[in-house]
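Student: Can you keep this structure in mind? I'll have questions shortly.
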Amino acid sequence: MQIPWSGLRIPVMAAPMFIVSSLDLVIASCHAGVIGAFPSANPRSPHSLETWLDAIRTAEAETLSQGGTFAPFCVNMLASSAVDKEARDAALATLRKYEAPLILTNMGDPREVVDAAHGWGGKVFHDVTTVRHAEKAIESGADGLMLVCAGAGGHAGTLSPFAFLPKVRTFFDGPIMLAGGIADGAGIAAGLALGADLVVMGTRFIASAESGASPDHKEMLVSSRSEDVLFTEAIAGLPANFLTQSIVANGLDPADLPAPTGRHRPNLPAGVKPWKTVYSGGHSTALVDDIPSVEAAVDRLATELATASSKADWRTNLEQRVGMNG
Numbered sequence: 001m002q003i004p005w006s007g008l009r010i011p012v013m014a015a016p017m018f019i020v021s022s023l024d025l026v027i028a029s030c031h032a033g034v035i036g037a038f039p040s041a042n043p044r045s046p047h048s049l050e051t052w053l054d055a056i057r058t059a060e061a062e063t064l065s066q067g068g069t070f071a072p073f074c075v076n077m078l079a080s081s082a083v084d085k086e087a088r089d090a091a092l093a094t095l096r097k098y099e100a101p102l103i104l105t106n107m108g109d110p111r112e113v114v115d116a117a118h119g120w121g122g123k124v125f126h127d128v129t130t131v132r133h134a135e136k137a138i139e140s141g142a143d144g145l146m147l148v149c150a151g152a153g154g155h156a157g158t159l160s161p162f163a164f165l166p167k168v169r170t171f172f173d174g175p176i177m178l179a180g181g182i183a184d185g186a187g188i189a190a191g192l193a194l195g196a197d198l199v200v201m202g203t204r205f206i207a208s209a210e211s212g213a214s215p216d217h218k219e220m221l222v223s224s225r226s227e228d229v230l231f232t233e234a235i236a237g238l239p240a241n242f243l244t245q246s247i248v249a250n251g252l253d254p255a256d257l258p259a260p261t262g263r264h265r266p267n268l269p270a271g272v273k274p275w276k277t278v279y280s281g282g283h284s285t286a287l288v289d290d291i292p293s294v295e296a297a298v299d300r301l302a303t304e305l306a307t308a309s310s311k312a313d314w315r316t317n318l319e320q321r322v323g324m325n326g
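In structure tokens:
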């Protein structure tokens, strides 16, 4: 199977986000020239997963038949041993049927998914937040890595990309995606300069016309700043970034949240649901000030990337900004 990298307009993946990554968002992303991704849990059953994949492949075929381009799609699935094996096997069988080109795994050993995907020519990236997890993913046969750094919306790491990515590059020369706080063309250029092959954007695409986020979630991103993002274990039972406005709207005090009772076990009042009523968002919310179509957002990113890539050298910039004369 050939992965259609030629369909990429810019080296970006629209992050797979629970609830937010709708079928419309995935297809619009692929049409616009960025990787469209979604969690396998977003379609609520194996039959629904097949419906989504059929719709994506149909959109791809129609676009290509008309001389257009269509970027690859990516399916995110848990690799954890806690996941029901029958359900995972059913999902993998469906992915095999539609030859999913890219799979992103997280929370566990990806070996089983890697073995299955390689059977149809798919490539597997594994989501990591530490150097040790990156090493373990490579040992398990992952084709690539997604480094989730500080500032990512939802589940995030704590490492700076300026330290994390170069360190991983000392022992891994395969493809790397970089996530965390990126929402414009300059961020894409910075990620590439660090050694990434692709960057991942979630927050930017939450606030898009095609996303499955609620209107309140989208508007809250537009009105929030970086300081309105809280990194906490209390909401989802794992460290994640959420919008403080939504925490307050649920009757909670961001400074005094109930401690989780265990991993994946938040201790929240009835009716308060992570992702559904408490909204995720990353540091790049500071860069999000509108709710465009995916096509318009990608057009802007492409222009910004071209501008960032063609800027004058650092000395010229420094002299112009500080007024130095040699």
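Residue numbers (the numbering used here): 1 to 326. Beta carbons are placed, not taken as given, at the ideal position from N, Cα and C, and that holds for glycine.
Go ahead and pull the three-state DSSP assignment for residue 311.
Tutor: Residue 311: coil per DSSP, three-state reduction.
Student: With C-beta atoms as the reference, is residue 39 less than 8 Å away from residue 76?
Tutor: Contact flag set, yes.
Student: Please report the straight-line C-alpha distance between residue 192 and residue 178, rounded to a whole angstrom.
Tutor: In a straight line, the C-alpha of residue 192 is about 9 Å away from that of residue 178.
Student: Who are residue 199's beta bridge partners in DSSP?
Tutor: Beta-bridge pairing links residue 199 to 12, 178.
Student: Can you give me the C-alpha to C-alpha distance between residue 287 and residue 301, rounded to a whole angstrom?
Tutor: Distance between the alpha carbons of residue 287 and residue 301: 12 Å.
Student: Would you call the segment 281 to 297 in contact with the segment 247 to 256, where contact means no fewer than 3 C-beta pairs closer than 8 Å?
Tutor: Too few Cβ pairs lie closer than 8 Å, so no.
Student: DSSP on residue 269, reduced to helix/strand/coil?
Tutor: Three-state result, residue 269: coil.
Student: On the DSSP bridge list, what partners appear for residue 280?
Tutor: In the DSSP output, where bridge partners are listed per residue, residue 280 has 242.
Student: Threshold first: 3 residues or longer. Then list the beta strand (DSSP E) segments lying entirely within the segment 123 to 175, N to C.
Tutor: Entirely contained in the segment 123 to 175, the beta strand (DSSP E) runs reaching 3 residues are, in chain order, 123 to 128, 144 to 148.
Student: Roughly how many angstroms lie between the CA atoms of residue 194 and residue 99, to the nearest whole one?
Tutor: Looking at the two C-alpha atoms, the distance is approximately 31 Å.
Student: Thinking C-beta only, is residue 79 closer than 8 Å to residue 110?
Tutor: Taking 8 Å as the Cβ cut-off, residue 110 and residue 79 qualify as a contacting pair.
Student: List in chain order: all unbroken beta strand (DSSP E) runs of 3+ residues lying wholly within the segment 76 to 117.
Tutor: For the segment 76 to 117, whole beta strand (DSSP E) runs of length 3 or above, ordered along the chain, are 102 to 106.
Student: Spell out a yes or no on whether the segment 121 to 129 and the segment 151 to 162 are touching, meaning 3 or more CB-CB pairs, one atom from each, closer than 8 Å.
Tutor: Yes: the two stretches touch, three or more of their Cβ pairs being nearer than 8 Å.
Student: Suppose contacts are defined by Cβ-Cβ distances below 8 Å. Is residue 104 in contact with residue 149 by that definition?
Tutor: Contact: no.
Student: Using only the alpha-carbon positions, how far apart do residue 272 and residue 250 sit?
Tutor: Those two C-alpha atoms are separated by around 7 Å.
Student: Classify residue 164 as buried or exposed, calling it buried when 16 or more other Cβ atoms lie within 10 Å of its own Cβ.
Tutor: Its Cβ being crowded by 16 or more others within 10 Å, residue 164 is buried.
Student: Within the continuous beta strand (DSSP E) that includes residue 19, where are the two ends?
Tutor: Unbroken run through residue 19: none, as it is neither H nor E.
Student: Residues in its own chain within less than 7 Å of residue 305 by CB, not counting five upstream and five downstream?
Tutor: Around residue 305: 10, 185, 188, 189.
Student: How big is the Cα-Cα spacing for residue 69 and residue 1?
Tutor: So the alpha carbons of these two residues sit roughly 17 Å apart.
Student: Determine the DSSP secondary structure at residue 333, reduced to helix, strand or coil.
Tutor: Not covered by the structure: residue 333. The range shown for the chain is 1 to 326.
Student: Under 8 Å: do the segment 279 to 286 and the segment 234 to 244 share three or more Cβ pairs, one atom per stretch?
Tutor: Output reads yes: the segment 234 to 244 touches the segment 279 to 286.
Student: Tell me residue 191's beta-bridge partners as DSSP assigns them.
Tutor: Paired residues: none, contrary to the question.
Student: In three-state DSSP terms, what is residue 36?
Tutor: Residue 36: strand per DSSP, three-state reduction.
Student: Hey, how far is the Cα of residue 123 from the Cα of residue 322?
Tutor: Rounded to the nearest angstrom, the two C-alpha atoms are 47 Å apart.
Student: Would you call residue 267 buried or exposed, if buried means 16 or more other Cβ atoms sit within 10 Å of its Cβ?
Tutor: So residue 267 counts as exposed.
Student: Quick one: residues in its chain with C-beta nearer than 6 Å to the C-beta of residue 134, no 5 flanking neighbours on either side, listed in chain order?
Tutor: For residue 134, where only same-chain residues beyond five positions count, the Cβ hits under 6 Å are 128, 145, 168.
Student: Just to confirm, are residue 25 and residue 162 a CB contact at a threshold of 8 Å?
Tutor: The answer is no: Cβ separation not under 8 Å.
Student: What residue from 94, 170, 117 has the CA that sits closest to residue 131's CA?
Tutor: Residue 131 has its Cα closest to that of 170, out of 94, 170, 117.
Student: Could you tell me the boundaries of the alpha helix (DSSP H) in which residue 221 lies?
Tutor: That run of the alpha helix (DSSP H) goes 215 to 223.
Student: Would the C-beta of residue 17 count as close to the ligand MG, meaning under 7 Å from any of its heavy atoms?
Tutor: Although the ligand MG was asked about, the structure shown includes no ligands whatsoever.
Student: Return the chain-ordered list of same chain residues with a C-beta closer than 6 Å to the C-beta of residue 18, the five sequence neighbours on each side being excluded.
Tutor: So the qualifying residues of the chain are 39, 275.
Student: Distance check for residue 198 and residue 326, CA to CA, integer angstroms please.
Tutor: A caution first: residue 326 carries a pLDDT of 48, below 50, which makes its placement in the model unreliable, though a value can still be read off. Roughly 37 Å separates the two Cα atoms.
Student: Assuming contact is defined by CB atoms lying nearer than 8 Å, are residue 348 and residue 21 in contact in what I supplied?
Tutor: What the structure shows of the chain is the stretch from 1 to 326, and residue 348 is not part of that stretch, so it cannot be assessed.
Student: Can residue 14 and residue 33 be called in contact, C-beta distance under 8 Å?
Tutor: No.
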